[in-house]
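In our numbering, the protein residues as written are -8 to 788. Notes for the one structure printed next.
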């Protein structure tokens, strides 16, 4: 029987198919092509099975269909979900709109708030105190009448969120029964969707679930209806947490990162096959770049924000930056800018010949990394036409005249800025979280990533890059490599003691049975199911919890201390710990996809067939480079840069000082074989490339300072109201870069720095100064300014 692993993206749908003999084949289709087919995933399956368009698909011929989809994400971004009603405790109708009073763009003078997902609100007469005391019983009759009227008005989805409902659940359960009786086809109740503290994030998550689940249900039903038999246990979808679940259990709150999560799983699995257990996943597409960190376990976050909506549910920790092959290049105020706008697929970059703007793809073309003659091979046999360098060169020439740079130097400068932006995104999920990544492997995927791999690795001090044969379809491949997973979380909010540990053990036992049965019901045998039990622990008085494996008290304390030190940079001391929540996950073992080792036979590089020799602009000048087709290489072959490996869906730039080797598993492993040359000394002329690079670096430093301060703070004012500012100043106390923090501090912070410089002529490495004097740069007495001089290794300021 056939297996199909599918990533239904916003632009393309990628399919990896395994035939009954175990052979793998791939396909890439436009996700929206109504003239050709109704659904890209089903069209791809029919093509592999040699079925006519619209023909029923025999369920007997299919072993599994595992999918990731952006259906829910697109509906959230475009606000095209189900008409939704919010039922909330009386007096709190605007609670979710008010949120935490955090401005989405702190420095914007005109704030445009995201549109709320719910269309109408019912305030239910009910109130339960934090200790469970019923202050106001639920008025069933009044709520039933209000629900009937809302249903008559056309609302079909209902989200129910009551104060303290995560723990005291009777009123929410009662209201849920009334909503179903009133005819609501989708009822999401907060204690079932997100049983955790914090009403705003719990409420937002419940509304998201109600808003998106019907959209998902209709898509799932449409896919299932294409088969002529039952697909229970065969049709599965990827959740944001990185685990597969049966189509019947797929919910809106778990679908936001459905596609990208497959990429993380794929990157982790193929890296393990290659012997790399610590990686940075780097997925560069046309519009954006997704990055992730993996070191033996998938990193997840419980709290995230997507399209202006707070979501509290396990999600892969994926950071996205607006830098892709289609990111627009521009010159603004003497600075070179990359993105965030994208040229998209139509008109696309200038070299597409459709009147589009300059984009990163054009910079790769002008510098020789991409060649027009290989364009159809890279972008598929149905490409409209090869890349046309003329429109791109004309626009670069006009911009180069303004900067005084050559066209090629300008294009390379843009590429360097794009690389710095992407490297800063990687720092957000690695360095900011306490990971030293010098010894990690950069696992590269996405259509554009391979052209930037060596430069990104050099920027981060990494020595290895891995590129899988399915790199451009790795999210789809990851669907086939993923485990079946089910998870449950329960809030505790109690100090960690022997008694509290027993309380947690009771909750774990109950949750374990639930998740085990859910995975077993999807056809996974008991020997293939394992349980992971975690306590989310935090220092008392803070609200940043760390996941720690359930164990004896002393072991959990030791593990927490180590995790806290790695994450925040200091030991938490003997402060009491609090169990925020318990979490249990059942994991059904992944499909065994063999990538058998092949014989390795080294050939001299001169024996490799060269498709083309052409100049490539690297490191400030032209160098002759070999273009070699990936299909001409076999395990054991090596190719030293500068060179380009041309694959079916991408082109791999091998920079000078790097070497590509084909491994026994037919992967491409890029390795730096020569020490990187030191940067040349800076001149006094204003260089627009370096200006933007250093601007981004200094801004990144200020932002990372803020991230550490927020994570380590015990004060609600700092941690939740974000009432702080971080900035970088020069030796005279003048501002260089400030992060988008609270602006009131920034106007006087420079005076604080100048005061410290003036009053402390004998500063040395390791010194730090605090002041709060309003006459010396402080805003008012409760605001404390900390000034720390920066010194190089030689002790020079």
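Idealized CB from N, CA, C, for every residue including glycine.
DSSP-derived helix/strand/coil call for residue i
i           : result
residue 156 : coil
residue 789 : A question about residue 789 goes unanswered here, because the residues of the chain that appear run from -8 up to 788.
residue 5   : strand
residue 162 : helix
residue 192 : helix
residue -8  : coil
residue 149 : strand
residue 767 : helix
residue 284 : strand
residue 35  : helix
residue 594 : coil
residue 772 : coil
residue 211 : helix
residue 107 : coil
residue 182 : helix
residue 733 : coil
residue 507 : helix
residue 708 : helix
residue 406 : helix
residue 0   : coil
residue 523 : strand
residue 171 : helix
residue 685 : helix
residue 340 : coil
residue 388 : helix
residue 395 : coil
residue 177 : strand
residue 318 : strand
residue 127 : strand
residue 700 : helix
residue 52  : helix
residue 460 : coil
residue 136 : helix
Sheet register partners of residue i (DSSP bridge)
i           : result
residue 432 : 270 and 455
residue 651 : 630 and 661
residue 604 : 617
residue 760 : 778
residue 80  : 115
residue 297 : 300
residue 728 : 719
residue 18  : 6
residue 426 : Per DSSP, none; premise fails for residue 426.
Residues of its chain near residue i, where Cβ-Cβ distance is below 6 Å and the 5 sequence neighbours each way are ignored
i           : result
residue 434 : 258, 262, 270, 272 and 457
residue 454 : 663
residue 779 : 759
Cutoff 7 Å; reference residue i; Cβ partners in own chain excluding five residues on either side
i           : result
residue 339 : 317, 345 and 347
residue 248 : 231, 306, 307 and 309
residue 370 : For residue 370, the predicted structure reports a pLDDT of 44, less than 50, and the residue's modelled location is therefore unreliable. A value from the coordinates is still provided. So the list is empty, once near-sequence residues are dropped.
residue 332 : 319
residue 356 : 342, 378, 380 and 383
residue 121 : 155
residue 657 : 460, 589 and 626
Same chain, Cβ closer than 8 Å to residue i, neighbours up to 5 away in sequence not counted
i           : result
residue 686 : 326 and 728
residue 63  : 203, 206, 207, 243, 246, 247 and 249
residue 444 : 273, 433, 435, 456, 458, 643, 644 and 661
residue 741 : 720, 724, 725, 726 and 768
Short CB-CB distance (under 8 Å) between residue i and chain C
i           : result
residue 154 : Of the chains in the structure shown, none is chain C; there is only one protein chain.
Minimum length 3: unbroken beta strand (DSSP E) runs contained in the region 467 to 500: Listed in chain order, they are 475 to 486.
Whole runs of the alpha helix (DSSP H) within the region 234 to 264, excluding any shorter than 4 residues: Qualifying alpha helix (DSSP H) stretches, in chain order: 249 to 264.
Contact between the region 502 to 522 and the region 569 to 588 (3+ Cβ pairs under 8 Å): Flag = yes, the region 502 to 522 and the region 569 to 588 touch.
3 or more residues per run - each beta strand (DSSP E) lying fully within the region 525 to 588: The qualifying runs are 537 to 540 and 568 to 579.
Inter-stretch contact at 8 Å, needing at least 3 Cβ pairs: the region 688 to 695 / the region 709 to 723: Contact between the region 688 to 695 and the region 709 to 723 is present, because at least three Cβ pairs lie under 8 Å.
The region 68 to 85 touching the region 139 to 146, judged by at least three CB pairs closer than 8 Å: For the pair of segments examined, the region 68 to 85 was found to touch the region 139 to 146: the number of CB pairs separated by less than 8 Å reaches three.
At least 3 beta-carbon pairs within less than 8 Å: the region 238 to 257 vs the region 466 to 483: Verdict: yes, contact present.
Cβ contact (3+ pairs, closer than 8 Å) linking the region 704 to 714 and the region 522 to 534: They touch, by the three-pair rule.
The region 726 to 733 touching the region 745 to 765, judged by at least three CB pairs closer than 8 Å: Between the region 726 to 733 and the region 745 to 765, the count of Cβ pairs shorter than 8 Å is below three; the stretches do not touch.
Cβ contact (3+ pairs, closer than 8 Å) linking the region 647 to 665 and the region 625 to 638: Counting Cβ pairs under 8 Å, three or more are found: they touch.
Cβ contact check for the region 275 to 289 and the region 501 to 515: 3 or more pairs under 8 Å: Touching, no.
The region 192 to 211 / the region 227 to 243 touching (three or more Cβ pairs under 8 Å): In short, these stretches touch, since the Cβ pair count reaches three.
contact_flag[the region -2 to 9, the region 25 to 43] where n(CB pairs < 8 Å) is 3 or more: Output reads yes: the region 25 to 43 touches the region -2 to 9.
Touching by the beta-carbon criterion (3+ pairs, under 8 Å), the region 597 to 614 and the region 540 to 551: No, they do not touch.
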